[in-house]
Amino acid sequence: MSVAACPGCTLGEAAPDPSTKPQDAGYELVLPRIHCAACISGIETVLNAAPGVQTARVNLTRKRAWVTAAPDADPSRWVEALAEAGYEAHEVAAGQIPVEKGPDLALHLGISGFAMMNVMLLSVAVWSGAADVTRNFMYWVSALIALPATAYAAQPFFRNAWNALKAGRLDMDLPISLAIIGASGMSLWETIYGGRHAWFEAALSLTFFLLAGRYLDQTMRQAVRSAAADLAALEPRRVHRIEEGQRVSRPIEEIRVGDQLWLAAGARVPVDALLVDASVQLDRSAMTGESDPVERRAGQDLVAGDVVLTGPVVIRATAVGESTTLRRMARLIATAETARGRFASLAERAATIYTPVIHVVALITFIGWLVVTGDVRQSLNVAIATLIITCPCGLGLAIPAVSAAATGRLYRHGCLVRNDTALERLAQIDMVVFDKTGTLTRQELMLPDGLSDTVRQVLRGLANVSDHPLSRGLRASLRTVTPAPLEHMRELPGKGVSAIWDGTPVSLMAAEDGCASILSIGRKKIKLERIERIVPGGAELVAGLQKHGLEIGLLSGDSDCRARQIGAELGITRIWAEMTASHKIEVIKGLRAGGCRVLMVGDGLNDAAALTAANASIAPGHALDVSRSAADVVVTGEIGLISEVLCTAHKARRRMLENLWMSGIYNVVAIPVAVLGLASPLLAAVVMSISSLTVTLNALRVR
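Numbering follows the numbering used here, in which position 15 of the sequence shown is assigned residue number 464; successive positions increment by one, without gaps.
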């Protein structure tokens, strides 16, 4: 029979990186009031100009800024600089879970809607041909309702516009504020001087529909911003720390490296830690997608986000706050959601340039209508409608909303997008090159017939020492076998595992030829031959990719004969055998030079450079740390999920293009409609809100 085992890798240790230097630190800022592409551009300009800042990226969907800067940087200075530029910002402290906060749009929306309905009822008398005295009375009552309601309900627009003016910049809320003030001012003027037309209901309706559009848009974008937030929410807020032998409940922010924590059964591991005593069964599905319980023994690692199935247990913290695996994964997802590919940059540049153009067009429209008609009131109405209908909110949302939706979808399928331009590049792939061993195939050990129960128990115990994917396979195959109680367990990278069993040294080590593993129990040695099998779902994945027109290649360090044998089983004809790490890089570079857009999939140390050299790259969740770090996407489940990654990338690209086209067509049509006076301010508000909602709804189709 054959079962998966952990014979140890035959790879050598990685050479030290000569370019090693102090790592920049990552910082997060909350931006509760950003709402458009102009905000993104302005905030990034301020942050990138700050001393010590390497990069700054803003995510409109999550209302966050991620800053890479020197470890000794002072984020409070960035907050001050942003405040001077008219942007509200708050620093997120290490270990703190940011709370989604923003303007209370629901309250503003409710007040504007209530006032709008009452003013419209009063306007019925005017529309029905009321006498002058009755009409004037209705206008004054309308003014008493509309002016304070508008002054309060439109505060989100007024505040943003005022902050922009103080900072000497243009904001998308500036034309909206001008339109609301213009409509209210003209109505008050008509009321004071006994005019026949007042538009208090128009000013309120304008405010209501703009707030409704922004509220609905914010609500829908909340649905696509949850991937990183859901991951961060796995961290418990309070834990039990052992202090002088007593369990004391403490906030997670107070936990430090070295603290001992007590966890009950069912509790979620709050920090990266070492298991102090006993053994424990863990549910790691939230972090790895692995459905089967995983066993950990004293001295082995636990990561934040795992769930304790058998407890209670005591752990010792090894990483806290932003250093935990959970927090690092959340940051990777959040960074990927910023999506600064070619499409995103194009959309943001267009929206930033378009904002000042709106004001120029509105001014020219007002002057033109005034010259032609001589009617100040009508000229103002047309200019106000122009300011509203041409607001490029949809253009600013076109790409970020899609990126957030796609990243969230992949996260829920067990795929972690690590690079902010990965989706765009993955959608353009026309060739996929796989590393063979560990990616499309896995090595197993042939266990000789007649192994005693004692030997099987020792094997089961040694498999518990490592979390290598082959060890997980062995544990699954021998799940009915009780593991031998081992002490002084050690995992030797590149070699195998060792321990002491009942005073006897035991080990499972790779043989010198790499074709077998040696189980040692004292002086007794058992040779376990290795075989190689295609991973579950591997053949289906290759066939599916080929069916969709992708060319498939296979890279292997094995002999040409062995590589071609596996290639034949998988239906792959382009095969490169006896490949070293440098050879793999040359192959990838050669393919790219020949016009191929290459996706590299690999898991080993010698794949890391090739992953970096490809147009896009994917690593399995069991890959070495260096390979996972080099990859654009990490797939924590079955390898067949690569098809889901590529499918989602293509969907995201289509939605991005659709959003750009819809935003472009809307603005091309909207400008002449407004300039020609074919849209009232109220109609302009409705149409502009619908355009933003359409973009966001289209992005949700990716989910």
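Ideal Cβ placement from N, Cα and C applies to all residues, glycine included.
Top-ranked residue by Cα proximity to residue 642, from 608, 1102, 581, 617
If you number the sequence shown from 1, residue 642 lands on position 193. Out of 608, 1102, 581, 617, 581 has the C-alpha closest to the C-alpha of residue 642.
Specify, as a first and last residue, the run of the alpha helix (DSSP H) that residue 722 falls within.
For the purposes of this step, residue 722 is taken as residue 273 along the sequence shown, with counting starting at 1. Counting along the chain, residue 722 falls outside any alpha helix (DSSP H), though it belongs to the beta strand (DSSP E) covering 721-724.
Straight-line CA distance for residue 951 to residue 903?
Start at 1 with the first residue of the sequence shown, and residue 951 comes out as number 502. Start at 1 with the first residue of the sequence shown, and residue 903 comes out as number 454. Cα to Cα, residue 951 sits roughly 12 angstroms from residue 903.
Cβ-based burial, residue 1205 [other Cβ within 10 Å; buried from 16]
Beyond the ends of the chain as shown, which are 450 and 1152, falls residue 1205; an answer cannot be given.
Any beta strand (DSSP E) of 3 or more consecutive residues that is wholly inside the region 861-914:
864-866, 880-884, 890-895
Over what stretch of residues does the alpha helix (DSSP H) that includes residue 635 continue unbroken?
Here residue 635 refers to the residue found at position 186 of the sequence shown. From DSSP, the alpha helix (DSSP H) with residue 635 extends over 622-641.
Beta-ladder partner(s) of residue 966, from DSSP:
Counting from 1 along the sequence shown, the entry for residue 966 is found at position 517. In the DSSP output, where bridge partners are listed per residue, residue 966 has 959, 977.
Can you say whether residue 674 is buried or exposed, counting buried as having 16 or more other CB atoms within 10 angstroms of its CB?
Position 225 of the sequence shown holds residue 674. Any reading at residue 674 is ruled out, since the residue's pLDDT is 48, under 50, leaving its predicted position unreliable.
Apart from the five residues just before and just after residue 505, which ones in its own chain have a Cβ nearer than 7 angstroms to its Cβ?
Taking the first residue of the sequence shown as position 1, residue 505 is located at position 56. Closer than 7 angstroms at Cβ, skipping near neighbours: 493, 496, 497, 514, 516.
If contacts are defined as beta-carbon pairs under 8 angstroms, then residue 971 and residue 992 qualify, I think. What distance do you get, rounded to the angstrom?
Within the sequence shown, the letter at position 522 stands for residue 971. Within the sequence shown, the letter at position 543 stands for residue 992. Contact doesn't hold; Cβ gap of about 48 angstroms is too wide.
When DSSP labels each residue in this structure, what does residue 648 get in the three-state scheme?
To locate residue 648, count along the sequence shown from 1; it is residue 199. Residue 648: coil per DSSP, three-state reduction.
Taking the alpha-carbon of residue 965 as reference, which of 894, 569, 1050 has the nearest alpha-carbon?
Within the sequence shown, residue 965 is the residue found at index 516, counting from 1. Here the closest residue by C-alpha is 894.
Using only CA atoms, which one of 710, 687, 684, 983 lies nearest to residue 695?
Working through the sequence shown from its first residue, we reach residue 695 at position 246. That would be 710, whose Cα lies nearest to the Cα of residue 695.
Which of the three DSSP states, helix, strand or coil, is assigned to residue 1002?
Within the sequence shown, residue 1002 is the residue found at index 553, counting from 1. DSSP places residue 1002 in strand when its eight states are reduced to three.
Whether residue 1101 touches residue 851 by CB criterion (8 angstroms):
The residue labelled residue 1101 in the question sits at position 652 within the sequence shown. The residue labelled residue 851 in the question sits at position 402 within the sequence shown. Contact: yes.
Apart from the five residues just before and just after residue 832, which ones in its own chain have a Cβ nearer than 7 angstroms to its Cβ?
Your numbering for residue 832 matches position 383 in the sequence shown. Closer than 7 angstroms at Cβ, skipping near neighbours: 811, 814, 815.
Decide if residue 591 is buried, meaning its Cβ has at least 16 other Cβ atoms within 10 Å, or exposed.
In the sequence shown, counting from the first residue as 1, residue 591 sits at position 142. Flag for residue 591 reads buried.
Take the Cβ of residue 471 as the centre, count every other Cβ of all protein chains shown within 10 Å, and call the residue buried at 16 or more, exposed below.
What you label residue 471 is simply residue 22 of the sequence shown in a count that begins at 1. Note on residue 471: pLDDT 43, under 50, position unreliable in the model; no value is reported.
I'd like the list of long-range same chain contacts for residue 1072, defined as Cβ closer than 6 angstroms, with 5 residues on each side in sequence excluded.
Taking the sequence shown and counting its residues from 1, one reaches residue 1072 at position 623. Within the same chain, residue 1072 has close Cβ partners 1052.
Three-state secondary structure assigned by DSSP to residue 732
Locating residue 732 in the sequence shown gives position 283, counting from the first residue. Looking at residue 732 - three-state DSSP - the assignment turns out to be strand.
Beta-carbon spacing of residue 752, residue 888 below 8 angstroms
One-based indexing of the sequence shown puts residue 752 at position 303. One-based indexing of the sequence shown puts residue 888 at position 439. The answer is no: Cβ separation not under 8 angstroms.
Given 8 angstroms as the limit, is there contact between the region 1022-1031 and the region 990-1009, that is, 3 or more CB pairs closer than that?
yes
Tell me whether residue 526 is buried or exposed, calling it buried when 16 or more other Cβ atoms sit within 10 Å of its Cβ.
The sequence position of residue 526 within the sequence shown is 77, counting from 1. Exposed, since its Cβ has fewer than 16 Cβ neighbours within 10 Å.
Which residues in the same chain have their Cβ closer than 6 angstroms to the Cβ of residue 467, if we skip the five residues on either side of it in sequence?
One-based indexing of the sequence shown puts residue 467 at position 18. Because residue 467 carries a pLDDT of 36, less than 50, the predicted location of this residue cannot be relied on, and no value is offered for it.
State the Cα-Cα distance for the pair residue 1037 and residue 1089, rounded to the nearest angstrom.
Within the sequence shown, residue 1037 is the residue found at index 588, counting from 1. Within the sequence shown, residue 1089 is the residue found at index 640, counting from 1. If you take the alpha carbons of residue 1037 and residue 1089, they lie about 22 angstroms apart.
For residue 451 and residue 1028, I'd like the C-alpha separation in whole angstroms.
Reading the sequence shown from its first residue, position 2 is the one you call residue 451. Reading the sequence shown from its first residue, position 579 is the one you call residue 1028. Legend: pLDDT at residue 451 = 42, less than 50; position of this residue unreliable, value from coordinates given subsequently. Between residue 451 and residue 1028, the C-alpha separation is close to 28 angstroms.
At which residue ranges does the region 1069-1105 contain complete alpha helix (DSSP H) runs of 4 or more residues, listed in the order of the chain?
1074-1079
Where residue 505 sits in the DSSP three-state scheme
The count along the sequence shown starts at 1 and reaches residue 505 at position 56. Three-state DSSP puts residue 505 in a strand.
Could you spell out where the alpha helix (DSSP H) holding residue 848 opens and where it closes?
Counting from 1 along the sequence shown, the entry for residue 848 is found at position 399. First-last for residue 848: undefined, no H or E at that position.
So residue 1032 is in the alpha helix (DSSP H); what residue range does that whole segment cover?
Here residue 1032 refers to the residue found at position 583 of the sequence shown. Residue 1032 -> alpha helix (DSSP H) spans 1030-1042.
Since residue 423 is in the alpha helix (DSSP H), which residue starts that stretch and which ends it?
A query on residue 423 cannot be resolved here, the shown segment of the chain reaching from 450 to 1152 and no further.
Between 636, 685, 882, which has its C-alpha nearest residue 1048's C-alpha?
If you number the sequence shown from 1, residue 1048 lands on position 599. Out of 636, 685, 882, 882 has the C-alpha closest to the C-alpha of residue 1048.
Cutting at 8 angstroms between CB atoms, please list the residues of its own chain near residue 767, excluding the five before and the five after it.
Within the sequence shown, the letter at position 318 stands for residue 767. Same-chain partners within the cutoff: 706, 720, 721, 722, 723, 750.
Taking residue 757 and residue 716 to be in contact with their CB atoms under 8 angstroms, please state how far apart those CB atoms are, rounded to whole angstroms.
Indexing the sequence shown from 1 puts residue 757 at position 308. Indexing the sequence shown from 1 puts residue 716 at position 267. That belief holds up - the Cβ atoms of residue 757 and residue 716 are roughly 5 angstroms apart, short of 8 angstroms.
Quick one: residues in its chain with C-beta nearer than 8 angstroms to the C-beta of residue 532, no 5 flanking neighbours on either side, listed in chain order?
As a first step, residue 532 must be located in the sequence shown, where it is residue number 83. Excluding sequence neighbours, residue 532 sits near 538.
Distance between beta carbons of residue 690 and residue 697, contact taken as under 8 angstroms:
Walking along the sequence shown from the start, residue 697 turns up at place 248. Walking along the sequence shown from the start, residue 690 turns up at place 241. With a Cβ gap of about 6 angstroms, residue 697 and residue 690 count as contacting.
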